[in-house]
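J.: Take a look at the following structure, please.
There are 2 protein chains.
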Amino acid sequence: MRRLRLGRAFTLIEPGPVVLVTTHDGRKDNIMTISWTMVLDFTPVFAITTGEWNHSYAALRKSRECVVAIPTVDLLDKVVGIGTCSGKDTDKFARFGLTPVRGKFVRAPLIKECLANLECKVVDIVKRHDIVVLEAVAAYLDTGRKEKRTVHAVGDGTFIVDGRRIDRRKMMASKIPFGV
Amino acid sequence: MRRLRLGRAFTLIEPGPVVLVTTHDGRKDNIMTISWTMVLDFTPVFAITTGEWNHSYAALRKSRECVVAIPTVDLLDKVVGIGTCSGKDTDKFARFGLTPVRGKFVRAPLIKECLANLECKVVDIVKRHDIVVLEAVAAYLDTGRKEKRTVHAVGDGTFIVDGRRIDRRKMMASKIPFGV
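Quick note, the sequences are listed as chains P and A, same order. Residues in the first sequence are numbered consecutively from 5, following our numbering. Residues in the second sequence are numbered consecutively from 5, following our numbering.
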């Protein structure tokens, strides 16, 4: 995994892929599947929706750290499996054959098998809406990976895979932040 | 456009498509392009990130209403065009050949050419993060439309079109809200 410029990291979240969020509670690593995410700023700051209903939430709130990993379509059954069992009674890294990799800034692990990983600090929690605001402090991209298509949860048990990419960089020039 | 059950409306936002948000300021309609959205609850409540930098924000804040419309890939150049000019000096419905349709609950217009439209009330504004929290009060789907593929902004001037859909409804059964 190569370091990716932080100025580009929001482009991993903006298209709206399902993500995996890892935490470390002082004893154990855990992973949750999150589909509810939103960019808040290019710096990059972004939000995820989570709360007490997710076992990982306690570790996220206490440690104020996590890693947001971007899986691709070949990992879909792991992503769904992770989202439908609990870290309360399951070691998800072992069960789903994923490899935790230590990052530089947070204790939560990167996921080696993912396309990209963002080491994140919790900068705020908006309790009344269960919004956790994250700032990425380091970003990594697996540039050698062939499968780069992410998946978008519809919410009804189906998932849309990335199709073709359309280039509108010329039309968008006035809106693209410096450095992208 | 047919009414869509509100219990299904979050499935329009969850995959993360670029959306168009219309407002009415008491005199004029306007449209903005928004890529930063997130579901907050199935009811459906969801968030968009916007603020003073968008001309529509004043109308959104004052009227506490909007329509969120879901465009498809055939509308991409209009979506990009809407996102790169301002309602301050442009009648965007006229300029981009879009048809405003009156809804039932809000003064902001639906967009006839879009795949889906959500009439929304502003339920909260989280000023410190420029998050506007919306609740949809009515949803509409153009069921006769052939082109159903939405587009996902990457943020660098490129857009990913929806590809194929994968069904994991069986694996997801425990997580799918009632009514979807």
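Positions of the beta carbon are idealized from the N, C-alpha and C atoms, including for glycine.
For the 8 Å Cβ check, are there 3 or more pairs between the region 102-117 of chain A and the region 167-180 of chain A?
T.: Contact between the region 102-117 of chain A and the region 167-180 of chain A is absent, because fewer than three Cβ pairs lie under 8 Å.
J.: Suppose contacts are defined by Cβ-Cβ distances below 8 Å. Is Ala120 of chain P in contact with Tyr144 of chain P by that definition?
T.: Taking 8 Å as the Cβ cut-off, Ala120 of chain P and Tyr144 of chain P qualify as a contacting pair.
J.: Within 10 angstroms of its Cβ, does Leu172 of chain P collect 16 or more other Cβ (buried), or is it exposed?
T.: The amino acid occupying residue 172 of chain P in the given sequence is Arg; Leu does not appear at that position. It counts as buried.
J.: Nearest-angstrom Cα distance between Ile52 of chain A and Leu16 of chain A?
T.: Each residue's Cα considered, the two are about 14 Å apart.
J.: Name, going along the chain, the residues of the region 54-75 of chain A whose beta-carbon falls closer than 9 Å to a beta-carbon of chain P.
T.: The region 54-75 of chain A vs chain P, Cβ under 9 Å: nothing.
J.: Quick one, which of A:Asp160, A:Leu80, A:Arg99 has its alpha-carbon nearest Asn34 of chain A's?
T.: When only C-alpha atoms are compared, the closest one is A:Arg99.
J.: Between the region 119-135 of chain A and the region 132-141 of chain P, are three or more C-beta pairs nearer than 8 Å?
T.: Enough Cβ pairs lie closer than 8 Å, so yes.
J.: Is Cys70 of chain P closer than 8 Å to Thr26 of chain P when the C-beta atoms are compared?
T.: Yes; because the gap between Cβ atoms is below 8 Å, this pair is in contact.
J.: Give the list of continuous beta strand (DSSP E) stretches no shorter than 3 residues that lie fully inside the region 84-145 of chain A.
T.: Those beta strand (DSSP E) runs which fall completely within the region 84-145 of chain A and span 3+ residues are 120-130, 135-145.
J.: Consider the Cβ of Val141 of chain P: report whether some Cβ of chain A lies at a distance smaller than 8 Å.
T.: Not an interface residue.
J.: With a threshold of 8 Å between beta carbons, is Leu145 of chain P in contact with chain A?
T.: Chain A contact via Cβ: absent.
J.: Would you mind sorting Gly148 of chain P into buried or exposed? The rule is 16 or more other CB atoms within 10 Å of its CB.
T.: By the neighbour-count rule (16 or more Cβ atoms within 10 Å), Gly148 of chain P is not buried but exposed.
J.: Taking 6 Å as the limit between beta carbons, can you name the residues of its chain near Leu64 of chain P, skipping five residues before and five after?
T.: These residues qualify, in order along the chain: Thr27, Cys70.
J.: Please tell me whether Glu139 of chain P and Val77 of chain P are closer than 8 Å, where the distance is taken between their beta carbons.
T.: Not in contact: Glu139 of chain P and Val77 of chain P (Cβ atoms no closer than 8 Å).
J.: By the 10 Å Cβ neighbour count, where 16 or more other Cβ atoms means buried, how is Glu151 of chain P classified, buried or exposed?
T.: The residue is exposed, with fewer than 16 neighbouring Cβ atoms inside 10 Å.
J.: Spatial neighbours of Arg6 of chain P within its chain, please: CB distance less than 7 Å, with the 5 preceding and 5 following residues excluded, ordered by chain position.
T.: Only Tyr144, Leu145, Thr147 meet the Cβ criterion.
J.: Could you list which residues in chain A have their beta carbon closer than 7 Å to that of Gly87 of chain P, in chain order?
T.: In chain order: Lys179.
J.: Which stretch, first to last residue, makes up the beta strand (DSSP E) that contains Ile74 of chain A?
T.: Its beta strand (DSSP E) spans residues 69-74.
J.: In chain P, which residues lie with their C-beta within 9 Å of the C-beta of Glu151 of chain A?
T.: Those do not exist, as Glu151 of chain A stays about 13 Å from chain P at its closest Cβ, beyond 9 Å.
J.: Can you give me the start and stop residues for the alpha helix (DSSP H) that Thr154 of chain A sits inside?
T.: No alpha helix (DSSP H) contains Thr154 of chain A, which DSSP labels as neither H nor E.
J.: Please check the pair Phe109 of chain A and Ala142 of chain A, which I expect to be a contact at CB under 8 Å, by giving their CB distance rounded to whole angstroms.
T.: Correct: roughly 6 Å between the Cβ atoms.
J.: Classify Gly167 of chain A as helix, strand or coil using the three-state DSSP reduction.
T.: In this structure, Gly167 of chain A counts as strand in the three-state DSSP scheme.
J.: Kindly indicate the opening and closing residues of the beta strand (DSSP E) around Leu16 of chain P.
T.: Note, Leu16 of chain P: premise wrong, no beta strand (DSSP E); alpha helix (DSSP H) at 14-17.
J.: Around the C-beta of Glu56 of chain A, are 16 or more other C-beta atoms found within 10 angstroms, so that it is buried, or is it exposed?
T.: Classification of Glu56 of chain A: exposed, given that the 10 Å Cβ count is below 16.
J.: Just by C-beta distance, which residues in the region 78-105 of chain A are closer than 7 Å to chain P?
T.: Within the region 78-105 of chain A, the residues whose Cβ lies closer than 7 Å to some Cβ of chain P are Leu80, Val84, Gly87, Thr88, listed in chain order.
J.: Where do the N-terminal and C-terminal ends of the beta strand (DSSP E) with Thr41 of chain A fall, by residue?
T.: It spans 41-45 - the beta strand (DSSP E) in which Thr41 of chain A sits, taken as one unbroken run.
J.: Below 8 Å between beta carbons: does that hold for Val23 of chain A and Ala73 of chain A?
T.: In this structure, Ala73 of chain A lies closer than 8 Å to Val23 of chain A by Cβ.
J.: Let's see if you can read the secondary structure: which residues bound the beta strand (DSSP E) around Val77 of chain A?
T.: It is not in any beta strand (DSSP E) - Val77 of chain A carries neither H nor E in the DSSP assignment.
J.: Quick one: residues in its chain with C-beta nearer than 7 Å to the C-beta of Leu4 of chain P, no 5 flanking neighbours on either side, listed in chain order?
T.: In the structure displayed, chain P extends from 5 to 184; residue 4 of chain P sits before or after that span and is not available.
J.: Can you pull the chain A residues whose beta carbon is under 7 Å from the beta carbon of Ala120 of chain P, in chain order?
T.: None at all; the shortest Cβ gap to chain A is about 13 Å.
J.: Taking beta-carbon pairs under 9 Å, can you tell me which members of the region 157-179 of chain P lie near chain A?
T.: Within the region 157-179 of chain P, the qualifying residues are Ala157, Val158, Gly159, Asp160, Gly161, Thr162, Phe163, Ile164, Val165, Asp166, Gly167, Arg168, Arg169, Ile170, Asp171, Arg172, Arg173, Lys174, Met175, Met176, Ala177, Ser178, Lys179.
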